[in-house]
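Numbering (UniProt numbering), first residue to last: 1 to 93.
Note that beta-carbon positions come from the ideal geometry of N, C-alpha and C, so glycine has one too.
Here the structure is a predicted model, which means the values were calculated and not measured.
Quick look at the structure:
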């Protein structure tokens, strides 16, 4: 299997909060709400909406969200909170 190639901006990033949440939930026998592992079926209206959404030609609806958030949103939030906190915030950190 080929080795995965990651973006340079991820170099040095060795922690993943979801791995930590899963470990803590298992350790403390807590309900893990971090990734959404339901043990029940969704209501029929949700299933119907899901089928309609995945049946569209727009392939963007078939993708996971980006791990570090959507770039435009993250940049806007960094500017907003940077002003609020009176400091420069790097949207990628």
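Got a sec: does the ligand NAD put a non-hydrogen atom nearer than 7 angstroms to the Cβ of residue i?
i: residue 76; result: In the structure on display, the ligand NAD does not appear, and there are no ligands present to speak of.
For residue i and residue j, which I take to be in contact (beta-carbon distance under 8 angstroms), what is that distance rounded to the nearest angstrom?
i: residue 9; j: residue 92; result: 5 angstroms
Assuming residue i is part of the alpha helix (DSSP H), what are its boundary residues?
i: residue 22; result: 17-27
i: residue 71; result: 71-85
Where does residue i fall in DSSP's three states?
i: residue 52; result: helix
i: residue 44; result: helix
i: residue 60; result: helix
i: residue 10; result: helix
Judging by CA-CA distance, which residue of the options is the nearest neighbour of residue i?
i: residue 15; options: 28, 67 and 27; result: 67
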